[in-house]
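So the structure is just underneath, and the comments pick up after that.
Protein chains: 2
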Amino acid sequence: MRLTERNLKETGREYALRMLKENIINLDLIPGSMLSENELSAEMNLSRTPVREALIELSKVKIVEVYPQKGSAVAFVDYELVEEARFMRDVLEGAVVELACRMATEKDISDLRENVRLQEFYMENRFPDKLLELDNEFHQMLFHITSKDQVYHLLDSITIHFDRVRRMSLAVVKDLKTISDHKEIVEAIAAKSGEEAKRLMEKHLSRYKFDEEALRKEYPGYFK
Amino acid sequence: MRLTERNLKETGREYALRMLKENIINLDLIPGSMLSENELSAEMNLSRTPVREALIELSKVKIVEVYPQKGSAVAFVDYELVEEARFMRDVLEGAVVELACRMATEKDISDLRENVRLQEFYMENRFPDKLLELDNEFHQMLFHITSKDQVYHLLDSITIHFDRVRRMSLAVVKDLKTISDHKEIVEAIAAKSGEEAKRLMEKHLSRYKFDEEALRKEYPGYFK
DNA sequence: TTGCGGCAACTAGTATACCAGTGCTTGACA
DNA sequence: TGTCAAGCACTGGTATACTAGTTGCCGCAA
């Protein structure tokens, strides 16, 4: 486990959750490895209670498996779940971006444009972390504009399966195409052309395809 | 709180969760009322720990609000959230039923037909509870057929907002139309006509419309 | 009568203690 | 040497104890 500082006014449970998620995504906690509530709580300077609550939450989306009286483990990569995450994302984002064409205000659109401008800036200046953050924010904004925040949160919870595989494929390329995709989407929203926006979103999301067989070969033992 | 027996091999947390959900949906726990971890645990013969874990889970989908150091409360009806639940259901079920046309095996289709047959049986013999159960099962089957079980679970978690309003509108009519809808959907799947199935599902789900203003008048104080 | 200070009674969050299972190790016996 | 059983060391689940923060009430003073 690689730990970072505990934020101020973050409860122990939130901290444990954040740490676990980060370490699962970046593979510091390797798929299949056992997690001990005792070890984790010692490591994070917490008692078992908040750690346990975090583990329960992660087990809800099957990224952690809890075997009563035996132990908990980081779930193996389950391609079915990765597909579910992708499916959910494709379907919901498509619908949301279409809605956004009808609901976005002038301010929303200029906020989106501002976000894309920042993406370009951080791309030029090579800030990959910041870029990823802005990417996520871009998509979240679309849900917020259409008053679908809760939907976003649910989607976010399952997306961890997707993120972990993305990390494995090192497909954090975040190249110029991503940004120009975003740009086109914003302009489609501004033009209020729902069909076009949806089509662009589908094209955008289809860039994230992983070769399951290749990954299985590269990371044997990580898969279910 | 109206309590039922605790199932065998059900953990305290699962029991507490089930009881809370049931009582929230059927309005025995009225929107806005305070929930005390201490009272609840005494009432259910549990300690605070499992009750607390159940409350945390419910607060994730905003059906329970937790105010740190002050108390928890059943959330008021928030029409935004009801709309989010409806949106998510419409979008995902539409996509799933379309997928089912491509993926359903002969066995799946005969299972679906069997489910609908049972619905007809329980309709004739007036078993509204059983009918509701079969209805839910029908929809769940579609997700299972298309290997989208986890998506179903996430959808299910937000649907509680929808269910509570449905209960308020007493729209548990479960009339013949519902069953004939199901029948048509199954046949569209059998015929592998995706477009048709999707259209039918949209028609089916559109039957659940509530008159927000009327409900607000009937249940003042239940709304946010 | 009104305003204000302090205390009592709550809360959620966390820590700790206890219990009932599980599986692995170890050692005795065939 | 192989086998099997007893025990031990772990687990997650639950109960309980403790802490710190909030609210509101009660009584006293102006």
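Sequence lines, in order, name chains E and X. Each residue of the first sequence is one higher than the one before, starting from 4 at the first, in the working numbering. Each residue of the second sequence is one higher than the one before, starting from 4 at the first, in the working numbering. For each residue, glycine too, the CB sits at the ideal point set by N, CA and C.
Every unbroken alpha helix (DSSP H) within the stretch 26-76 of chain E, with a cutoff of 4 residues, ordered by chain
Entirely contained in the stretch 26-76 of chain E, the alpha helix (DSSP H) runs reaching 4 residues are, in chain order, 40-46, 51-63.
Would you call the stretch 205-215 of chain E in contact with the stretch 134-154 of chain E, where contact means no fewer than 3 C-beta pairs closer than 8 Å?
Between the stretch 205-215 of chain E and the stretch 134-154 of chain E, the count of C-beta pairs closer than 8 Å stays below three; the two stretches do not touch.
Would DSSP call E/F226 helix, strand or coil?
Numbered from its first residue, the first sequence carries residue 226 of chain E at position 223. E/F226 carries a strand assignment under DSSP once its states are collapsed to helix, strand and coil.
What are the boundary residues of the alpha helix (DSSP H) that E/S113 is part of?
For this step, residue 113 of chain E is matched to residue 110 along the first sequence. Counting along the chain, E/S113 sits inside the alpha helix (DSSP H) bounded by residues 109-127.
Can you find a C-beta in chain X that's less than 9 Å from the C-beta of E/Q153?
Taking the first residue of the first sequence as 1, we reach residue 153 of chain E at position 150. True, the Cβ-Cβ gap to chain X drops below 9 Å.
Neighbourhood of E/A191 by C-beta distance below 6 Å, restricted to the same chain and skipping five residues each side:
Along the first sequence, one-based indexing puts residue 191 of chain E at 188. Hits under 6 Å: E199, A200, L203.
Excluding the 5 residues flanking E/V64 on each side, which residues of the same chain have their C-beta closer than 6 Å to its C-beta?
Translated into positions along the first sequence, residue 64 of chain E becomes position 61. Closer than 6 Å at the Cβ level, and outside the excluded window around E/V64, lie S160, I161.
Give me whichever residues DSSP pairs with E/V80 in a beta bridge.
Stepping through the first sequence from its first residue, residue 80 of chain E is reached at position 77. Within the DSSP secondary-structure output, E/V80 pairs in a beta bridge with E/F226.
Apply the 10 Å Cβ neighbour rule to E/L49 and answer buried if 16 or more other Cβ atoms are within range, or exposed otherwise.
If you number the first sequence from 1, residue 49 of chain E lands on position 46. Buried, by the Cβ-count rule.
When DSSP labels each residue in this structure, what does X/M171 get in the three-state scheme?
Residue numbering aside, residue 171 of chain X sits at position 168 when the second sequence is read from its first letter. If DSSP states are grouped into helix, strand and coil, X/M171 belongs with the helices.
Going residue by residue through the stretch 142-204 of chain X, where are the continuous alpha helix (DSSP H) segments of at least 4 residues, counting only ones entirely within it?
Segments of the alpha helix (DSSP H) lying fully in the stretch 142-204 of chain X: 152-171, 179-193.
Start and end residues, alpha helix (DSSP H) containing X/R219:
Here residue 219 of chain X refers to the residue found at position 216 of the second sequence. Residues 215-221.
Sequence-distant residues of the same chain with beta carbon closer than 8 Å to E/R92, five excluded per side
For the purposes of this step, residue 92 of chain E is taken as the residue at position 89 of the first sequence. The beta carbon of E/R92 sits closer than 8 Å to the beta carbons of L158, T162, F165, L208 from its chain, once the five residues preceding and following it are set aside; these are given in chain order.
Please report the straight-line C-alpha distance between X/T108 and X/E117, rounded to a whole angstrom.
One-based indexing of the second sequence puts residue 108 of chain X at position 105. One-based indexing of the second sequence puts residue 117 of chain X at position 114. Linking X/T108 to X/E117 through their CA atoms gives a straight-line distance of about 14 Å.
From X/E86 to E/I28, what does the alpha carbon distance come to, in whole angstroms?
For the purposes of this step, residue 86 of chain X is identified with residue 83 of the second sequence, where counting begins at 1. For the purposes of this step, residue 28 of chain E is identified with residue 25 of the first sequence, where counting begins at 1. For X/E86 and E/I28, the distance between alpha carbons rounds to 32 Å.
Between the C-alpha atoms of E/K220 and E/S172, what's the straight-line distance to the nearest angstrom?
Here residue 220 of chain E corresponds to residue number 217 of the first sequence, with the count starting at 1. Here residue 172 of chain E corresponds to residue number 169 of the first sequence, with the count starting at 1. E/K220 and E/S172 have their C-alpha atoms spaced approximately 12 Å apart.
Confirm, please, whether the CB-CB distance from E/S62 to E/S39 is below 9 Å.
Numbered from its first residue, the first sequence carries residue 39 of chain E at position 36. Numbered from its first residue, the first sequence carries residue 62 of chain E at position 59. Their beta carbons are not under 9 Å apart, which means E/S39 does not touch E/S62 by this criterion.
Grouping DSSP H, G and I as helix and E and B as strand, with all else coil, what is E/N139?
Position 136 of the first sequence holds residue 139 of chain E. Reduced to three states, the DSSP call for E/N139 is helix.
Just to confirm, are X/V119 and X/V168 a CB contact at a threshold of 9 Å?
Along the second sequence, read from residue 1 onward, the residue named residue 119 of chain X stands at position 116. Along the second sequence, read from residue 1 onward, the residue named residue 168 of chain X stands at position 165. No, the Cβ-Cβ distance between X/V119 and X/V168 is not below 9 Å.
Could you run through the stretch 49-69 of chain E and flag, in chain order, every residue whose CB is less than 8 Å away from some CB of chain X?
The stretch 49-69 of chain E vs chain X, Cβ under 8 Å: T52, E56, I59, E60, K63, V64, K65.
Kindly indicate which three-state DSSP category X/R9 falls into: helix, strand or coil?
Here residue 9 of chain X refers to the residue found at position 6 of the second sequence. X/R9 falls in the coil class under three-state DSSP.
Return the Cβ separation of E/F90 and E/F226 in integer angstroms, given the expectation that the two are a contact with Cβ distance under 8 Å.
The count along the first sequence starts at 1 and reaches residue 90 of chain E at position 87. The count along the first sequence starts at 1 and reaches residue 226 of chain E at position 223. Between E/F226 and E/F90 the Cβ distance is about 19 Å, and since that is not below 8 Å, they are no contact.
For X/L32, the nearest candidate out of X/R105, X/I66, X/Y70 (CA to CA)
On the second sequence, residue 32 of chain X is found 29 positions in, with the first residue counted as 1. The alpha carbon of X/L32 has as its nearest neighbour, out of X/R105, X/I66, X/Y70, the alpha carbon of X/I66.
Pair within 9 Å by beta-carbon distance, E/R21 and E/E56:
For this step, residue 21 of chain E is matched to residue 18 along the first sequence. For this step, residue 56 of chain E is matched to residue 53 along the first sequence. No; because the gap between Cβ atoms is not below 9 Å, this pair is not in contact.
Would E/I59 and X/E60 be called neighbours here (beta carbons separated by less than 9 Å)?
Indexing the first sequence from 1 puts residue 59 of chain E at position 56. Indexing the second sequence from 1 puts residue 60 of chain X at position 57. Their beta carbons are under 9 Å apart, which means E/I59 touches X/E60 by this criterion.
Quick check on DSSP: helix, strand or coil for E/K133?
As a first step, residue 133 of chain E is located in the first sequence; it is residue number 130 there, counting from the start. Judged by DSSP in its simplified three-state form, E/K133 adopts helix.
Find out if the Cβ-Cβ distance for the pair X/M47, X/A88 is shorter than 9 Å.
The count along the second sequence starts at 1 and reaches residue 47 of chain X at position 44. The count along the second sequence starts at 1 and reaches residue 88 of chain X at position 85. With respect to X/A88, X/M47 sits apart: the two C-beta atoms are not nearer than 9 Å.
Quick one: is X/E8 buried, meaning 16 or more other Cβ sit within 10 Å of its Cβ, or exposed?
As a working mapping, residue 8 of chain X is identified with position 5 in the second sequence. Classification of X/E8: exposed, given that the 10 Å Cβ count is below 16.
Chain X partners of E/V269, CB-CB under 9 Å?
This structure does not reach residue 269 of chain E, given that chain E is present from 4 up to 227, and the question cannot be answered.
How would you label E/K212, buried or exposed, when you count the other beta carbons within 10 angstroms and need 16 or more for buried?
On the first sequence, residue 212 of chain E is found 209 positions in, with the first residue counted as 1. Exposed, since its Cβ has fewer than 16 Cβ neighbours within 10 Å.
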